[in-house]
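A.B. asks:
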Amino acid sequence: MRSIFLLTTLILFCAPSASAQDVSSIILDVAQEQVSITAGFDGAKVVVFGTASPQDQITITLKGPPRNMIVRRKKNILGMWLNAVSQEFRNIPSYYSYAISSPDFKVKVGLDALDLPGAESVSSLQQRDFQDALVRNLQAQNLYATDAVPVLRPGGNLFRAEFNLPHNTPIGAFTLEATAYRENVIIGRTQRVMRVIQTGVTGQIQNFALDYSFAYALSGLIIALMAGLGSFFLSRRDV
Amino acid sequence: MQIYLPIAEMSVPLELILGLGTVVGFLSAVFGIGGGFLATPFLIFLGIPPSIAVATQANQLVSASLTSSLGHWRRGNVDIKLGASMFLGSAAGSLIGVLLFGFLKHIGQIDTVINLLYVGVLGSIGVMMFLESLRTLRHSPTADARPLPKWWLEFINKLPAQRVFPKSKLQISLFVPLSIGFLGGLMVSLMGIGGGFFLVPAMIYLLGMSTLLAVGTSLFQIFLTTALTTLLHATATSSVDLVLAVLLILGGIVGVKLGLRASPYIRGAKARLVLSVMLILVCLHLAQKLFLMPPDLYMIQER
């Protein structure tokens, strides 16, 4: 309900200003600026919407906070498959998913367009293999999209798209970027930031573990001790 | 129902984790084996990072081994002095194991090393238990009080720092329990298992202790070692997931209770035969991952 309200306000607010100044050819917003992870979290939907001229094509990307990843390749050593060669990829998006307004709109927005800077230590052919393996493994963990999400045009200037965050979503600041194209030329681009954070009990536990690691370790130990003692007295008659 | 693990940063099915804890508790109550060697690979299989699986499993072992060692202590089966001496060794083993864990993770070999250790350990307990239960089923008398080999007695009598352990009626160099404990400590910190399957035979065959005292004392030693290891892992790398630990502990309490009720109805040797076949199957499964060509030669790791 709230997002519908927001939508309406947005249209009312934006419609006149869009015609007044042509610069804001695309406007983007996200239904929830914050995705909260609580004890029962099992993935979440990110709903984005905005306005753009109906004749324009739209692409939207959602990128997770940058991380450094290492890709390792196994080699048969003494009959065992061991990690042998590795390559580090710095500051790559920990999550990547994209939406396009029509499936036949060929524009560089998919995984091919991702700029994954790697080390220079391996040959470019090998580099390609490592990069493919990185994307493939991230896709297997549902962190990288395999297909584009549709950008829906419900009518007028409106557009809307839904992204799925998996249960193992990275935590931190996500970047949404929407681009409008008219006859394959970019005519507008806008960005929004969205946060994924742990809240409630799970958030408190994580903060506790990071800020006071010794006290955290100690409380884990105390819980185990009490459970051990409790279980001893509970089953004393059986032992 | 899914539950979110705040340290592992992913969600797992709640029933599955409670069930796993129950199975582990049941096994430890019926067979006296902690079941950590089933739990840790299973947690890793669910996608929980190895460091979190091992450290959290050590935390559950604290609770399980406390319960069992209290039971043995009440019946006078714990040699506190010997257990404490072994703990001196296992504390060093645990500390080195935690450091080694970090190093192996850094060079990208931790999964292989954990896998290899599990294949060796599960394979050897599985085969040993299989042969032992077959022998018992054939009614051949098991040689319980086997005399220690002469060369071994001569060797350990020459070692310095001879100490008397009145409870176990032993006089032995402090270095023997220290080394046994050291290996036990490595197992806890690298594999998330108590190592009772190794400690008990070592105490019987290398120290010449009685089976009951060996079991009780090893549990006491495991309790001290797992408590230290979980503290080290949690402080050094914040890798104990409290939500996961509490679920495993709760399941474990139920499992122990069920196991204690069920144990009179479970015929020892036959049940051990079944368990040993299970262990060998898990071992073969892990070995296949190590020795057969993997479907994807590449793996990714966050730095």
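Protein chains in written order, with numbering that gives the first Met the number 0: chain A, 0 to 238; chain B, 0 to 302. Cβ atoms here follow ideal geometry from the backbone N, Cα and C, with glycine treated the same way. Here the structure is a predicted model, which means the values were calculated and not measured.
1. Skipping 5 residues on each side, what residues in its chain have a beta carbon closer than 6 Å to that of residue 11 (chain A)?
2. Look at residue 82 (chain A) and residue 9 (chain B) and say whether their C-beta atoms are less than 8 Å apart.
3. State the beta-bridge partners of residue 185 (chain A) as determined by DSSP.
4. Quick one: does residue 227 (chain A) have its CB under 8 Å from some CB of chain B?
5. Would you call residue 74 (chain B) buried or exposed, if buried means 16 or more other Cβ atoms sit within 10 Å of its Cβ?
6. Could you check whether residue 290 (chain B) and residue 39 (chain A) sit closer than 8 Å to each other, using their CB atoms as the reference points?
7. DSSP on residue 294 (chain B), reduced to helix/strand/coil?
8. Tell me, to the nearest whole angstrom, how far the beta carbon of residue 221 (chain B) is from that of residue 193 (chain B); I am working on the premise that it is less than 8 Å.
9. In angstroms, rounded to a whole number, what distance separates the CA positions of residue 165 (chain A) and residue 206 (chain A)?
10. Identify each residue in the stretch 58–75 of chain A for which the Cβ-Cβ distance to at least one residue of chain B is less than 7 Å, and report them in chain order.
11. If we cut at 8 Å on Cβ distances, does residue 182 (chain A) have a partner in chain B?
12. What residues from chain B crowd round residue 79 (chain A), counting only those whose CB sits closer than 8 Å?
13. Between residue 146 (chain A) and the rest of its own chain, which residues show a CB-CB distance below 6 Å, the 5 nearest in sequence each way excluded?
14. Any chance the CB of residue 51 (chain B) is under 7 Å from a heavy atom of the ligand HEM?
15. Return yes when the Cβ of residue 297 (chain B) is within less than 8 Å of the Cβ of residue 36 (chain A), no when it is not.
16. Give a yes or no on whether the minimum CB-CB distance between residue 165 (chain B) and chain A is below 8 Å.
17. Pick from A:25, A:24, A:185, A:30: whose alpha carbon is nearest that of residue 162 (chain A)?
18. Give me, in chain order, the residues of the same chain whose beta-carbon lies closer than 7 Å to that of residue 317 (chain B); leave out the 5 immediate sequence neighbours on both sides.
19. Find the residues of chain B that neighbour residue 37 (chain A), judging by a C-beta separation of less than 9 Å, and give them in chain order.
20. Roughly how many angstroms lie between the CA atoms of residue 98 (chain A) and residue 175 (chain A), to the nearest whole one?
21. Could you work out which residues of chain A lie near residue 107 (chain B), taking near to mean beta carbons separated by less than 8 Å?
22. Quick one, are the C-beta atoms of residue 22 (chain B) and residue 37 (chain B) less than 8 Å apart?
23. Please report how far the alpha carbon of residue 142 (chain A) lies from the alpha carbon of residue 95 (chain A), in whole angstroms.
24. Which same chain residues, not among the five before or five after residue 45 (chain B), have their C-beta less than 8 Å away from its C-beta?
25. From residue 230 (chain A) to residue 108 (chain B), what distance separates their C-alpha atoms?
26. Against residue 41 (chain A), what residues of chain B qualify as contacts under a CB-to-CB distance less than 7 Å, listed in chain order?
27. Rounded to whole angstroms, how far is the Cβ of residue 28 (chain A) from the Cβ of residue 191 (chain A), which I believe are closer than 8 Å?
28. Nearest to residue 42 (chain B) by alpha carbon, out of B:58, B:19, B:28?
29. With 8 Å set as the bound, which would you pick, yes or no: does the beta-carbon of residue 93 (chain B) sit closer than that to a beta-carbon of chain A?
30. Who are the Cβ neighbours of residue 178 (chain B) in its own chain at under 7 Å, not counting the five residues just before and after it?
31. Taking the continuous alpha helix (DSSP H) assigned at residue 66 (chain B), which residues delimit it?
32. For residue 292 (chain B), does the count of other Cβ atoms within 10 angstroms reach 16, so buried, or fall short, so exposed?
C.D. replies: Let me spell this out:
1. Bear in mind that a pLDDT of 46 at residue 11 (chain A), under 50, signals an unreliable position, so the model cannot answer this.
2. Residue 9 (chain B) sits away from residue 82 (chain A), with the two beta carbons spaced by 8 Å or more.
3. Answer by DSSP bridge pairing, in chain order: A:180.
4. Nearest CB-CB separation between residue 227 (chain A) and chain B: below the 8 Å threshold.
5. Burial state of residue 74 (chain B) is exposed, judged by a 10 Å Cβ sphere holding fewer than 16 other Cβ atoms.
6. In this structure, residue 290 (chain B) does not lie closer than 8 Å to residue 39 (chain A) by Cβ.
7. When DSSP states are grouped into helix, strand and coil, residue 294 (chain B) belongs to the coil group.
8. 4 Å between Cβ atoms; contact.
9. The straight-line gap from Cα to Cα measures roughly 22 Å.
10. Of all residues in the stretch 58–75 of chain A, 66, 67, 68, 69, 70, 71, 72, 73 have a Cβ within less than 7 Å of some Cβ in chain B.
11. By the rule that beta-carbons nearer than 8 Å mark a contact, residue 182 (chain A) does not touch chain B.
12. Residues of chain B whose Cβ lies closer than 8 Å to the Cβ of residue 79 (chain A) are, in chain order, 111, 115, 289, 290.
13. Cβ neighbours of residue 146 (chain A) beyond the five flanking positions: none.
14. For the ligand HEM, the structure offers nothing, since it holds no ligand at all.
15. No.
16. It does not: the Cβ of residue 165 (chain B) has no partner Cβ on chain A nearer than 8 Å.
17. Cα-wise, what sits closest to residue 162 (chain A) is A:30.
18. Outside the displayed range of chain B (0 to 302) lies residue 317 (chain B), so it cannot be described from this structure.
19. Result: 3.
20. Rounded to whole angstroms, residue 98 (chain A) to residue 175 (chain A) spans 11 Å at the Cα level.
21. For the C-beta of residue 107 (chain B), the chain A residues within less than 8 Å are, from N- to C-terminus, 69, 71, 82, 85.
22. It is a contact, given that the beta carbons lie within the stated cut-off.
23. Using only the alpha carbons, I get a separation of about 7 Å.
24. Here the set comprises 11, 15.
25. Taking the straight line from one Cα to the other gives about 38 Å.
26. Chain B residues near residue 41 (chain A): 1, 10.
27. Indeed, because the Cβ distance is near 7 Å, the residues count as touching under 8 Å.
28. Comparing Cα-Cα distances from residue 42 (chain B) to each of B:58, B:19, B:28, the minimum goes to B:19.
29. Answer no: the Cβ-Cβ gap between residue 93 (chain B) and chain A never drops below 8 Å.
30. Close CB contacts of residue 178 (chain B) within its chain, under the 7 Å cut and outside five residues either way in sequence, are with 88 (chain order).
31. For residue 66 (chain B), the uninterrupted alpha helix (DSSP H) segment begins and ends at 49–73.
32. It is exposed - the Cβ of residue 292 (chain B) has fewer than 16 other Cβ atoms within 10 Å.
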